[in-house]
Amino acid sequence: MDYDVIIAGAGPAGSTCARICAKAGLRTLLLERETFPRPKPCGGALSGRALAHLGLSLPSDLIERECFGVRVHYGKHVVEARRDLPVAFMVSREKFDHYLARQAVEAGAGLHEGEAVREFSVQGDRVTVGTEQGRYEARCLVGADGANSIVGRTVRPMFPRDEIAAAIVGSFRMNDREIDERLDGLLDLYFGVAPLGYGWIFPHKGYCTVGVLGQASEFDSPPKVFNEFTASQGMAVDRPQGHTIPWGGIPRRVAGKRVLLAGDAAGFADPFHGEGMAGAVLSGKLAGQAVVDGIRGKKDPLSWYAAECDRVIVGEMGIALQMAEMLGKYPKLFLAIFFSDRLALDKYLDIAAGRSDYRHFRKWLLPRLPGYIVKMLVGKAPAGT
Ligand SMILES: Cc1cc2nc3c(=O)[nH]c(=O)nc-3n(C[C@H](O)[C@H](O)[C@H](O)COP(=O)(O)OP(=O)(O)OC[C@H]3O[C@@H](n4cnc5c(N)ncnc54)[C@H](O)[C@@H]3O)c2cc1C
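In terms of the working numbering, the sequence shown opens at residue 475 and continues consecutively.
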């Protein structure tokens, strides 16, 4: 047996998992299709909760900006909220993902770049993984190979189009003074631009990321919406990149025989605002823990992992999904909650900041919901677009 564990994909989920396994002394191999630093279509907003899950203090040059709040647009309505903690740390995914992979290597993992997993098979007590360069044997395999995971396809059905978002992003060069003047340290979100999604402008260092995301099954022409959105913002972008984001909150299989799925491969992104790095890092951590304990004979790793994912990710994301569906269906209720009561937006931002979670938000929201519905019905909420 060459390795204890092989991990397919060195994104936030895979590199986190590899770091944990290698730190515990397991013979760990991380296989990455691309060569670092590699581009990754992303807004680059690492939430406070994602950073907390990561358990690393990032070098200061990796954090291009800290954002303490949001400016939310819906038609002609605009509302802003700021917190006393950063809700997002703005990173370049090229540098951030490379850094996480290096952390895994420093912990003792082997990293093979430019080597894609093509196939695998499970026989008895081992998994054999095939790439174009070779074959490797390990006790288990973690599929952290993203939304189009080839490992994932053997564990669960392909994600249907109503369970994924389509997203397009580009970057727009701007000097930092202009960025400060325009965005004032806030994440700029434009709801109503795309079905069950939004357009965004996120401030970085010397550039902004600008993009749109919406539910794939209802999003007819993402490139057209992207072009209209960027043109309306005076931010025409060259060579935008698109990708899918699988919604979390839907019960799915995340473990098969000697195989675990983590991150987008498992479908753990936040269906309310599309953030995927928090679920990727958290599931990478849990997968690492499951593999370490399983190999030490302490627990049944597959059922423990599936139960933990249900408990700490799927349940939480399920609430986010209910909210996304409800507010997508009743946009005036969305306006009544977030545009007529600043406290609601503050409470929501505390989730991203890592100070609260969806369960607490729901507990806070439910008794107030009838009041918001009345506001909406008697026209005290801002009128729609
Ligand atoms: C346009 C867009 C904007 C986004 N903006 C944000 C944001 O601002 N904040 C946020 O938190 N989330 C954002 N997300 C979501 C986020 O990017 C993902 O949820 C997150 O990257 C998932 O991490 P992961 O490690 O599971 O997968 P990935 O980051 O996709 O990493 C998977 C890795 O596996 C590699 N790989 C693929 N196939 C193979 C193979 N066969 N063998 C070996 N390696 C393979 C890939 O090269 C990649 O390095 C955005 C997504 C999109 C599409």
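Glycine is no exception: its CB is placed at the ideal position from the N, C-alpha and C atoms. None of the values given here were measured: they were computed from a predicted structure.
Own chain residues within Cβ distance below 7 Å of residue i, not counting five before or after
i              : result
alanine 581    : Arg493, Ala496, Lys497
glutamine 689  : Asp636, Ala639, Pro669, Leu670, Gly671
alanine 526    : Gly828
aspartate 662  : Arg545, Trp674, Ile675
valine 565     : Gly518, Leu520, Leu536, Ile537, Glu538
methionine 475 : Arg600, Glu611, Ala612, Arg613
proline 720    : Ala621, Phe633, Glu637, Ile638, Asp738, Gly741, Ala743
Residue i, buried or exposed, once every other Cβ within 10 Å from all chains shown has been counted against 16
i             : result
valine 686    : buried
glutamate 606 : exposed
threonine 490 : buried
aspartate 820 : exposed
lysine 759    : buried
aspartate 784 : exposed
glutamine 763 : buried
valine 696    : The identity of residue 696 in the sequence shown is proline, whereas the question assumes valine. By the 10 Å Cβ count, proline 696 comes out buried.
proline 631   : exposed
alanine 705   : exposed
aspartate 619 : buried
8 Å CB neighbourhood of residue i in its chain, flanking five on each side removed
i              : result
valine 766     : Ile494, Cys495, Ala498, Leu500
isoleucine 847 : Leu807, Ala810
aspartate 712  : Gly644
Neighbourhood of residue i by C-beta, 6 Å cutoff - its chain only, sequence neighbours within 5 removed
i                 : result
phenylalanine 665 : Tyr548, Tyr672
isoleucine 537    : Phe563
methionine 709    : Phe646, Val684
glutamate 593     : Gly604
Those residues which DSSP pairs with residue i across a bridge
i              : result
methionine 648 : DSSP lists no partner for methionine 648.
methionine 564 : Ala519, Arg539
isoleucine 675 : Asp662, Val684
proline 720    : Ile638
leucine 892    : Within the shown structure, residues of the chain are numbered from 475 to 859, placing residue 892 beyond reach of any answer.
tyrosine 548   : His551, Phe665
glycine 584    : Leu503
threonine 509  : The partner list for threonine 509 (beta bridge, DSSP) is empty, contrary to what the question assumes.
glycine 604    : Glu593, Arg609
glutamine 577  : DSSP output for glutamine 577 lists no bridge partner at all.
Any chain E beta carbon closer than 8 Å to residue i
i           : result
alanine 705 : Protein chains in the displayed structure number just one, and chain E is not present.
Does the contact criterion of 3 or more C-beta pairs under 8 Å hold for the segment 518-537 versus the segment 571-590?
Contact holds: three or more Cβ-Cβ distances are below 8 Å.
Contact between the segment 500-517 and the segment 733-744: three or more CB pairs below 8 Å?
Counting C-beta pairs with one atom in each stretch, the segment 500-517 and the segment 733-744 have fewer than three that are closer than 8 Å, which means they do not touch.
Between the segment 512-523 and the segment 776-792, do at least 3 Cβ pairs fall closer than 8 Å?
With a cut-off of 8 Å, the segment 776-792 and the segment 512-523 do not count as touching, because too few Cβ pairs lie within range.
Would you call the segment 608-628 and the segment 653-662 in contact, with 3 or more CB pairs under 8 Å?
Because the criterion of three Cβ pairs below 8 Å is not met, the segment 608-628 and the segment 653-662 do not touch.
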